[in-house]
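Take a look at the structure set out below.
Numbering (the working numbering), first residue to last: 20 to 103.
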């Protein structure tokens, strides 16, 4: 094996090792979303819950509008299809 191939293998090994250490460190140090939520003050939890409820309401409204538009017979074909 030439020295450049050995150096490349060594580099890949070090790179993979450092990446694995970084991922392991992140898993050990960063809290889960549930832990973060549990550590919040009660007033912040209320704000988070209100934001979640508002987001879910917006998503539900979007889904309803999307379902209405997808059932509409005018949307069954492309707009330019009438001009053919």
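Positions of the beta carbon are idealized from the N, C-alpha and C atoms, including for glycine.
Please read all numbers here as calculations on a predicted model, not as lab measurements.
Provide the residue span of the alpha helix (DSSP H) that contains residue i, from first to last.
i, result
"residue 101", "Premise fails: residue 101 is in no alpha helix (DSSP H) and is neither H nor E."
"residue 62", "61-90"
"residue 52", "52-58"
"residue 48", "22-48"
By Cβ distance below 8 Å, which residues in the same chain neighbour residue i in space, the five residues on each side in sequence not counted?
i, result
"residue 36", "none"
Can you find a C-beta in chain D that's less than 8 Å from the C-beta of residue i?
i, result
"residue 86", "This model lacks chain D altogether; it includes just one protein chain."
Please check the pair residue i and residue j, which I expect to be a contact at CB under 8 Å, by giving their CB distance rounded to whole angstroms.
i, j, result
"residue 59", "residue 48", "Not really, about 19 Å apart at Cβ, beyond 8 Å."
Of all the options the options, which has the alpha carbon lying nearest to the alpha carbon of residue i?
i, options, result
"residue 56", "78, 87 and 71", "71"
Counting only the same chain and skipping the five closest in sequence on each side, list residues whose C-beta sits under 7 Å from that of residue i.
i, result
"residue 88", "94"
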